[in-house]
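Working notes, beginning with the structure itself.
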Amino acid sequence: MVRIAVLVSGGGTNLEALFRAQESGIIRSGRIELVIADRPAYALERAQSHGCMSMLISRRELGMKAFAEHLAAALEENRIDMVVLAGFLSILPEEAIERYEGRMINIHPSLIPSFCGKGFYGLRVHEAALERGVKVTGATVHLVNGIADGGRILMQKAVSVKPGDTPETLQRRVMEEAEWEILPLCTEMIASAIGGSDENR
Numbered sequence: 047m048v049r050i051a052v053l054v055s056g057g058g059t060n061l062e063a064l065f066r067a068q069e070s071g072i073i074r075s076g077r078i079e080l081v082i083a084d085r086p087a088y089a090l091e092r093a094q095s096h097g098c099m100s101m102l103i104s105r106r107e108l109g110m111k112a113f114a115e116h117l118a119a120a121l122e123e124n125r126i127d128m129v130v131l132a133g134f135l136s137i138l139p140e141e142a143i144e145r146y147e148g149r150m151i152n153i154h155p156s157l158i159p160s161f162c163g164k165g166f167y168g169l170r171v172h173e174a175a176l177e178r179g180v181k182v183t184g185a186t187v188h189l190v191n192g193i194a195d196g197g198r199i200l201m202q203k204a205v206s207v208k209p210g211d212t213p214e215t216l217q218r219r220v221m222e223e224a225e226w227e228i229l230p231l232c233t234e235m236i237a238s239a240i241g242g243s244d245e246n247r
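Each position in the sequence shown, counted from 1, maps to that position plus 46 in my numbering.
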């Protein structure tokens with residue numbers, strides 16, 4: 047069973063979708079063993095409610111160097127095979143990205159390459175989409191590399207922009223119709239690939 051860590055920074059709605067997918071059998075090749083937040087976040091309470099180990103590693107309090115060291119140690123100590131970024135807002139150290147190359151995925155609330163990269167996160171993505179006047183937006187799951195939102199795309203799902211949408215209503219619909227669906231599917235896809243490669247060693 048592939049051991050998964052989920053990294054979070056906020057409320058943890060995508061984390062909740064992952065737990066539900068695990069409990070319903072959509073995610074069956076891996077198990078969420080650890081949730082790490084880089085700041086105080088409600089997501090940690092969600093993890094606890096599902097009986098999952100959770101910890102706060104504060105980037106602000108530790109500074110980048112110590113944050114990177116603590117994060118690497120937590121992943122190592124818990125024998126983590128795969129990392130899922132689910133609304134994680136900190137820049138990851140290069141060492142972590144390299145170590146989990148091909149085994150670290152991220153969810154982004156747009157159809158990459160639109161509205162992505164530095165500065166595009168949270169509501170800012172949806173504000174930019176509405177300002178541009180796009181008729182279709184959505185979400186993307188991609189592998190993580192050293193470029194913000196630059197890794198290979200694994201899956202995308204489109205969501206229509208409706209007249210009268212606000213950044214908040216659009217954010218909610220993108221989560222419900224796209225993010226909560228494709229993130230669990232891609233988590234299972236990568237976990238299955240990791241499990242298969244481990245068996246063939």
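Yeah, the Cβ is synthetic: ideal placement off N, Cα and C, and Gly gets one too.
Could you compute how far the alpha carbon of Ala83 sits from the alpha carbon of Met47? 23 Å
What's the gap between the Cα of Ser75 and the Cα of Ile126? 14 Å
Going by beta-carbon coordinates alone, are Val205 and Val130 separated by less than 8 Å? no
Restricting to Cα atoms, I'd like to know which of Ser238, Lys203 and Phe161 is closest to Ala194. Phe161
For Glu234, three-class secondary structure by DSSP: helix
Supposed contact pair Arg49 and Arg77 - C-beta distance, whole angstroms, cut 8 Å: 7 Å
In angstroms, rounded to a whole number, what distance separates the CA positions of Asn124 and Met101? 12 Å
From which residue to which residue does the alpha helix (DSSP H) around Ala67 run? Thr59 to Ser70
Do Gly133 and Val54 come within 8 Å of each other at the CB atom, strictly closer than that value? yes
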